[in-house]
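*Asks:* Each number in my numbering corresponds to the 1-based position in the sequence shown with 59 added.
The beta-carbon is built from N, C-alpha and C at its ideal position, and this holds for glycine as well.
On a predicted model such as this, the values are computed, not experimentally measured, just so you know.
Below is a structure I'd like to ask you about.
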Amino acid sequence: TGVTVTDTLSRQGTATATAAPTYQSNSVVEYKGSAAQTTGPEFPSPMTATVLINNVNGVTLNAAKTIDDSLIVRAGSLSDGGFQITGNAADSLIVKAGSTLILGSAGTATAFPTNFGVNLDPASTVTYNAGVAQVISAAPAYGHLTIQGAGAKSTGASSTLTVGGTMTLAAGTFAPGANA
60 TGVTVTDTLS
70 RQGTATATAA
80 PTYQSNSVVE
90 YKGSAAQTTG
100 PEFPSPMTAT
110 VLINNVNGVT
120 LNAAKTIDDS
130 LIVRAGSLSD
140 GGFQITGNAA
150 DSLIVKAGST
160 LILGSAGTAT
170 AFPTNFGVNL
180 DPASTVTYNA
190 GVAQVISAAP
200 AYGHLTIQGA
210 GAKSTGASST
220 LTVGGTMTLA
230 AGTFAPGANA
């Protein structure tokens, strides 16, 4: 407590935070570790700063998050850890080339993040990873799409998926809707 971020808070290496700072407008929290990281109190919900994932070893959420700014996966992966991500329609979810957004966990199915403007690079990947039944969102258009995790994945009764790159069934089952 007592810390105000006016520019960028960069969580690097294996550093952790013990309290939530106050974020000024246009500030950023960056995850840039040398090992896999899990978010902590530096990423409150609702989050009023841009969240930047820049960790080739991956970042996992510690709780459901509402983000009132942009969420950018620049390098590595962001796993929601089975916690839903909710955005703000005025801001963006951006997944850059070579980066991955992982949705769901062994025991929890999560949906594609809601209420964001979405920009998935054609060379990005979205992975539906739940170990239980999970619905694959018909929107947005995916660069690459991976289906894994033991749970059955479906698109709903009349959903059409658009995948510009590779669609991979790595584990589980896939039951497309009537128009998929």
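Between the C-alpha atoms of asparagine 147 and methionine 106, what's the straight-line distance to the nearest angstrom?
*Replies:* So the two alpha carbons sit approximately 10 Å from each other.
*Asks:* Could you tell me if glycine 61 is buried or exposed, where buried requires 16 or more neighbouring beta carbons within 10 angstroms of its beta carbon?
*Replies:* Flag for glycine 61 reads exposed.
*Asks:* Tell me the DSSP bridge mates of arginine 70?
*Replies:* In DSSP, arginine 70 forms a bridge with Tyr90.
*Asks:* Counting C-beta neighbours from all protein chains within 10 Å, is the total for alanine 237 16 or more, i.e. buried, or is it exposed?
*Replies:* Residue confidence for alanine 237 is low, a pLDDT of 41 falling below 50, so the modelled location carries little weight; the figure read from the coordinates is stated next. Exposed: under 16 other Cβ atoms inside 10 Å.
*Asks:* Please classify asparagine 238: does DSSP put it in a helix, a strand, or coil?
*Replies:* Because the pLDDT of asparagine 238 is 41, which lies under 50, any placement of that residue in the model is unreliable, and the number read from its coordinates should be weighed accordingly. Asparagine 238: coil per DSSP, three-state reduction.
*Asks:* Would you tell me roughly how many angstroms separate the C-alpha atoms of alanine 216 and proline 235, rounded to the nearest one?
*Replies:* Approximately 8 Å, taken between the alpha carbons.
*Asks:* Expressed to the nearest angstrom, what Euclidean distance is found between the alpha-carbon atoms of serine 196 and glutamine 143?
*Replies:* Spanning the two alpha carbons is a distance of roughly 14 Å.
*Asks:* First and last residue of the beta strand (DSSP E) that includes alanine 211?
*Replies:* Its beta strand (DSSP E) spans residues 211 to 213.
*Asks:* Which residues bound the beta strand (DSSP E) around isoleucine 206?
*Replies:* Looking at the DSSP string, the run of the beta strand (DSSP E) that includes isoleucine 206 is 203 to 206.
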